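Novice: Going line by line, the protein sequences match chains A and B.
Heads up, the first sequence is in the numbering used here, so the first residue is 6 and it goes up one at a time.
Heads up, the second sequence is in the numbering used here, so the first residue is 6 and it goes up one at a time.
Number of protein chains: 2
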Amino acid sequence: MDSEAPTRRPTIRDVARLAGVSHQTVSRYLRSDASINDAMRKSIRQAIAQLDYRPNLAARAMRNRKTGRLALLMPSGTAVSSLEMLAGATAAAREAGYSVEVVILGDPMESRAQRVLELADHGVFEGILSLTPLPSLPHRATSGGTAIVVSADYDDQMRGIGELADATTVGEIIERLAEQGHRRFLHLAGDYAHTSARARKQVYLETVQRLGLESHGVVDCEWLAERARRAITELPADSGVTAVIAANDLLATGALRGALERGWQVPRDLSVTGWDDNPLGAEMMPSLTSVAVDHERLGRRAVRRLLAVLSGEPEPEEQDLLTQVIWRESTAPPNRPLD
Amino acid sequence: MDSEAPTRRPTIRDVARLAGVSHQTVSRYLRSDASINDAMRKSIRQAIAQLDYRPNLAARAMRNRKTGRLALLMPSGTAVSSLEMLAGATAAAREAGYSVEVVILGDPMESRAQRVLELADHGVFEGILSLTPLPSLPHRATSGGTAIVVSADYDDQMRGIGELADATTVGEIIERLAEQGHRRFLHLAGDYAHTSARARKQVYLETVQRLGLESHGVVDCEWLAERARRAITELPADSGVTAVIAANDLLATGALRGALERGWQVPRDLSVTGWDDNPLGAEMMPSLTSVAVDHERLGRRAVRRLLAVLSGEPEPEEQDLLTQVIWRESTAPPNRPLD
DNA sequence: TACAGAGAGGTGATCGGTCACTTGCCGCGT
DNA sequence: ACGCGGCAAGTGACCGATCACCTCTCTGTA
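1. If you drop the 5 nearest sequence neighbours on each side, which residues of the same chain put their C-beta closer than 7 Å to that of G186(A)?
2. Just checking my contact of R305(B) with G93(B) at CB under 8 Å: how many whole Å lie between their CB atoms?
3. Quickly, what does DSSP pair P80(B) with across the bridge? List them, please.
4. Distance check for M79(B) and V154(B), CA to CA, integer angstroms please.
5. Mind checking whether L77(B) and V31(B) have CB atoms under 9 Å apart?
6. Could one say the Cβ of Q162(B) lies closer than 9 Å to chain A's Cβ atoms, at least one of them?
7. Just mark A63(B) as buried or exposed, buried being the case when its beta carbon has 16 or more other beta carbons within 10 Å.
8. If distances are taken between C-alpha atoms only, which option among Q214(A), E184(A), P241(A) and L256(A) comes closest to Q232(A)?
9. For E334(B), which residues of its own chain have a beta-carbon under 7 Å away from its beta-carbon, when the five flanking residues on both sides are left out?
10. With burial defined as no fewer than 16 other Cβ atoms inside 10 Å of the residue's Cβ, what is the status of N283(A): buried or exposed?
11. Would you say G317(B) lies against chain A (beta-carbon separation less than 9 Å)?
12. Throw me the rounded Cβ distance for the L303(A) and L327(A) pair, which I believe falls under 8 Å.
13. Between the alpha carbons of S104(B) and T151(B), how many angstroms are there, rounded?
14. According to DSSP, what are the bridge partners of T278(A)?
15. Starting from the C-beta of A183(A), find all residues in its chain whose C-beta is less than 7 Å away, skip the five residues before and the five after it, and write them out in chain order.
16. Taking only runs that begin and end inside the region 195-253 of chain B, name each unbroken beta strand (DSSP E) of 3 or more residues, in chain order.
17. Under 8 Å by Cβ, that's how I've got L35(A) and P60(A) pegged, so tell me the actual separation to the nearest angstrom.
18. Identify the continuous beta strand (DSSP E) that holds V330(B) and give its terminal residues.
19. Rounded to the nearest angstrom, what separates R203(A) and A202(B) at their Cα positions?
20. In chain A, what lies closer than 9 Å to R262(B) by C-beta?
21. Run the CB neighbour count on W228(B), radius 10 Å, all protein chains shown included, and call it buried at 16 or more, exposed below.
22. Considering only the alpha carbon of each residue, which of A172(A), I17(A) and Q29(A) lies closest to Y209(A)?
23. Under a three-way DSSP split, which group does R189(A) fall into?
24. Kindly list, in the order they appear in chain A, the residues whose Cβ is closer than 7 Å to that of S104(B).
25. Are the C-beta of R309(A) and some C-beta of chain B separated by less than 9 Å?
26. Between A198(A), N42(A) and D43(A), which has its C-alpha nearest C226(A)'s C-alpha?
27. Please report the residue range of the alpha helix (DSSP H) in which E301(B) lies.
28. Thinking just about the alpha-carbon of each residue, which of G73(B), L110(B) and A101(B) is nearest to the one in L91(A)?
29. Chain B partners of S81(A), CB-CB under 8 Å?
30. With a threshold of 9 Å between beta carbons, is L182(A) in contact with chain B?
31. Starting from V26(A), follow its DSSP beta bridges and name the residues at the other end.
32. Quick check on DSSP: helix, strand or coil for S104(A)?
33. Please list the partners that R59(A) has in chain B, where partner means a Cβ-to-Cβ separation under 8 Å.
34. For a test of the three-state rule: what should DSSP assign to L62(A), helix, strand or coil?
35. Determine the burial state of N42(B): buried for a count of at least 16 other Cβ atoms within 10 Å of its Cβ, exposed for fewer.
The structure is reproduced here in structure tokens:
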């Protein structure tokens, strides 16, 4: 034989010998093939326990041409909620018997699609789930036998937009504020390269129109707090705006700062809403009304979509809302006379 | 090129046949064995390109008994900086030819070690890197041939403490504030279950003593902003505290709120510092002095340690500081008379 | 001329499972 | 008695790489 140092793990044949059966029978046992005698089943089980046998997944993968591995592509920037999505995704994959490998994609957009096709051709992964947009790649594709699902529901900041579904929450916010008496709004938009920014802007405009309200306008802030601050400080004194819908908490915070600089009190003189439910927002003065997103379930959902594609089933249509408005101090009925 | 359905991928032997050599020569070529004639090398290269051949990693893994896979264990909670660490870790692993699989560990501490040993016995992973503490598991271990490195430098909130090294930044903060004239401090501590909370408290106490300053005390806030707020509102009027060192940005925000409720202005009446450099902190009013940690490099470093263990080398001793204080509006020389 | 030694390349075994096919046994209908 | 079908279990090939070992050729030296 060979040197004893690395104690070779027992194989299916070792188990078979000990149990007094053929290796094939052990294989059948492992794959829980029904046609095995109970007595045999028992002795195999004992042999396995005695040898502390564990199947060699590499060998199995080779023969089966199945790796049980999924690749999960994530954007490189800091996205607060990514870990939650990751947790949801790995949990869902795990439950389905897959393991998840994380690949962080760098910034140059062009090289991304390239890298993805490499990964696909690589052949190691049965499926690839991208949580970040991939230009020039369809929503759902297959390359060299590997399924690729681009979950365009999420952009680089991990803000979900599920077919615009969750951006509808913007509508919910505006409706509530309108009920409280707000009539004239301002939207601080994010970077339009992000689907979520576009979606929120769109729903903002639609809702204002649908409810017969007024919009002072939309300011392109590109996720920059400074822009949001200036948008407020440069607001004409007679603009009549009483509520600001910011595309995320950072812009909302900038807006708060702008208001304070003008001597306005929030929410008395201006209501402000954010998005993301940043933990700090809950403690700020005033605390920030925001939108909490259930990223864990978004992650699960994305994996389920990929698994559906893998098994050839139609993609599940789950559209329950995973967002929730958290009302806090930064919003209230308008007190400033509408003059 | 290929069009029919399951087009079996070309193997090393297909390449060999096309190039007119033996399969072994191709294998040598793939492993860049030196002893190959240039002419052959060229025809093999051509054959590979023509067939679009790609080595089957499962087969290679089986023969080599090497999987090239590492497991990365992460805590389940939301940790803002985790994705950066993950990015650093995957990048470092990738550069060394490994792929990284993410495993999210649930909360029950007891079951964690259990799960880890399962993963190790599983045999799929060559190494396991835990970014979360594992009770009853040594800092560095080996089980069934798989190396396990517990990077206890990071706790469940992903706050680095590298042998307390980065907590020394607390000392840096206090020194600077002392230079500005602060004499009496207060520390708002996090949950002591977290190494980082303990480390920051310890360095706080040491530094105050070392510099001959005064501490009004340490308040156990357990990462709860409400506790931090109350710590400030309940501060005796004559406490003489002019600077608050909070263990993270959330506690710092709570402290700010407490100060405002008392009618104190920050930083005129009280200086406050945080930790984590939450993006919102930079935009708050006042903006928050905080500590930025280079999580990306922390991730790389952790993987390097694991790889060192795998290859039997001594662990590298890298101790350059990966933290940096970001001074903002919430800190300034004390203006309140010390009376 | 003979022979050793190095370098290039080939042959077959092997890793640890699963698949395809075969064998042995039993029961049942004719 | 015979044949057939169904079920449990065994035999050997196979997945696609790499390793160990062998062969052949060329060169240099005694």
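For glycine and all other residues, C-beta sits at the position ideal for the given N, C-alpha and C.
Being a predicted model, the structure only gives us computed values, none of them experimental.
Specialist: Result, derived from the coordinates:
1. P338 and P339
2. 4 Å
3. L110(B)
4. 13 Å
5. no
6. Here the model assigns Q162(B) a pLDDT of 44, short of 50, so the residue's position is not dependable, and the following value carries that caveat. No, no contact with chain A.
7. buried
8. Per the sequence shown, the amino acid found at residue 232(A) is Arg instead of Gln. Comparing Cα positions, the closest option is L256(A).
9. P272, P291 and S292
10. buried
11. no
12. 6 Å
13. 15 Å
14. I250(A) and T294(A)
15. L216 and L218
16. 219-225 and 248-251
17. 6 Å
18. T328 to I331
19. 41 Å
20. E288, M289, M290 and S292
21. buried
22. A172(A)
23. strand
24. E106
25. no
26. A198(A)
27. H300 to L315
28. L110(B)
29. A92
30. no
31. DSSP lists no partner for V26(A).
32. strand
33. D126, H127 and G128
34. helix
35. exposed
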